[in-house]
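Letter by letter, the sequence shown follows residues 27 to 421 in my numbering.
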Amino acid sequence: MAAMTEKLQKLAEQHQEEMITIRRRLHENPELSMKEEQTTAFIKEQCREYGLKEADVELESGAVFLLNPEKAEKSIIFRADIDALPVKESTGLPFSSKASGVCHSCGHDIHTTALLFCARILSCIREELDGRVIFIFQPAEEVGKGANMVIKSGLFEKYPSQMIIGIHTWPETPAGNIGIRRGPFMAASDRLHITVRGKGGHGAHPHKSVDPVLTAAYILTQLQSVISRNVPPLQSAVITIGRITGGPAANVIPDEASMEGTVRTFLPEIRDMIEQRVTEIATHVAASMGADCTVDYHRGGQAVIGDDQVVARIEQAGREELGEDGVTYLETPSMGSEDFSNYLSVLPGAMLRLGTSNEIPESHFPLHNGKTIFDERAVIVGGRVLSRIAVDYLM
Ligand code: NI
């Protein structure tokens, strides 16, 4: 293994400069979900150059490649998402986005390049690997569609594998480190749409109306009691109403008011309970005001909860590649969501964080902010740790 450590290190050093160039190129040319045309073409070109074989599945966008397709007995999957966000970049970086109003403010350019780096390294030692590696370059993560598209393509039936590992940048972890966590990693994300119907009228004569705006306000306030009174104090969940709309003018009581929100949870039983309580509260509060109400509760992705054994593999590879100090244990999960969770209902897996913060204040800004600067060392760390995970498993 010591010889392999040295070999991996040499390969990483040999290709890292080229990878930073690739990352900057991707960063300059971000594409929105399901529009990842140039990105996909570039990924395909690179993977072919490394001698990888394209998987025999159909995808509208994105790509899947195989290393050692014939060694199918042992098989491990790595996944990077490749899409950008409708956010304007204002980092001032010389390789800032050239696409107006679109940028890689979630760091998916770093994920894509780290995965290419891993493919590059492993392609140089393919004969020594006793198994297959599958690289998923997934489209449309930001709109929660991509993972399901990959699953529906039949990839997992055609190429049975033992585990899947995903990567994501993280400004709360220092560059050069990876972040890992057992148990809940990211939250389930549901959407809530409540429509309250009353009886419209003149703002000066409320007694002749049923006011849906006031009713909506009571419902909104009451919903927060689900968090404080129904969710067990040592568990966590979020209900946020981000949008509320009512009538057309200050002196008009409208017929209808509506609100939209997001619900984040980790445990399935809490998720079920919140759906039930939200519906009960909304309909009963509406009824108490003489109004009518419809609750549309739309379930999005599940929570990302990693498999303990896969997390242990990530941790071991991280320590081997980065040293004892290179692995940060994340104290808390994130309330954000990830469609990587969909893969976890198909096979065991886990995600790891790639630290991206350094001494620059902008590197501590959150994801999805157009001013956030990601430390590029994450590309190198990601490529190296993923390669090591594959080597540990397949040798
Ligand atoms: Ni992301």
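Where is the CB? At the ideal position from N, CA and C, for every residue including glycine.
Taking non-hydrogen atoms of the ligand NI into account, the C-beta of Cys132 is found less than 6 angstroms away from one of them.
For Met212, the enclosing beta strand (DSSP E) has its first and last residue at 210-212. The C-beta separation of Leu58 from Ala110 comes to about 6 angstroms, placing the pair in contact by the 8 angstroms criterion. Within the DSSP secondary-structure output, Tyr323 pairs in a beta bridge with Leu218.
Residue range 282-291 is occupied by the beta strand (DSSP E) that includes Gly287.
One alpha carbon belongs to Pro238, the other to Val304, and they sit about 17 angstroms apart. Bounds of any beta strand (DSSP E) do not take in Gln188, whose DSSP letter is neither H nor E.
A Cβ-Cβ distance of about 5 angstroms is found for the pair Leu246 and Ile267, placing them in contact under the 8 angstroms criterion.
Closest in alpha carbon position to Glu183, among Gly349, Asp82, Ala308, is Asp82. Taking 7 angstroms as the cut-off, the beta carbon of Val321 is found no closer than this to the beta carbon of Ile177.
Per DSSP, reduced to three states, the secondary structure at Gly381 is strand. With a cut-off of 8 angstroms on Cβ pairs, the stretch 45-60 is not in contact with the stretch 90-99, counting fewer than three such pairs. A buried status is given to Asn203, since no fewer than 16 other beta-carbon atoms sit within 10 Å of its beta-carbon. Non-local beta-carbon contacts of Arg269 in its own chain, meaning distances under 6 angstroms to residues more than five positions away in sequence, involve Glu286 in chain order. Going by C-alpha positions, Ala308 is about 15 angstroms away from His324. Going by C-alpha positions, Gln42 is about 24 angstroms away from Ile206.
Per DSSP, Leu240 is one residue of the alpha helix (DSSP H) stretching across 238-251. With a 10 Å radius around the Cβ and a threshold of 16 neighbouring Cβ atoms, Asp334 comes out exposed. The beta-carbon separation of Leu380 and His130, rounded to 14 angstroms, does not stay under the 8 angstroms limit for a contact. Within the stretch 73-139, the runs of beta strand (DSSP E) at least 3 residues long that lie entirely inside it are, in chain order, 89-93, 101-107. Per DSSP, Thr309 has no beta-bridge partner at all.
Straight-line spacing of the CA atoms in Met189 and Glu80 works out to 19 angstroms.
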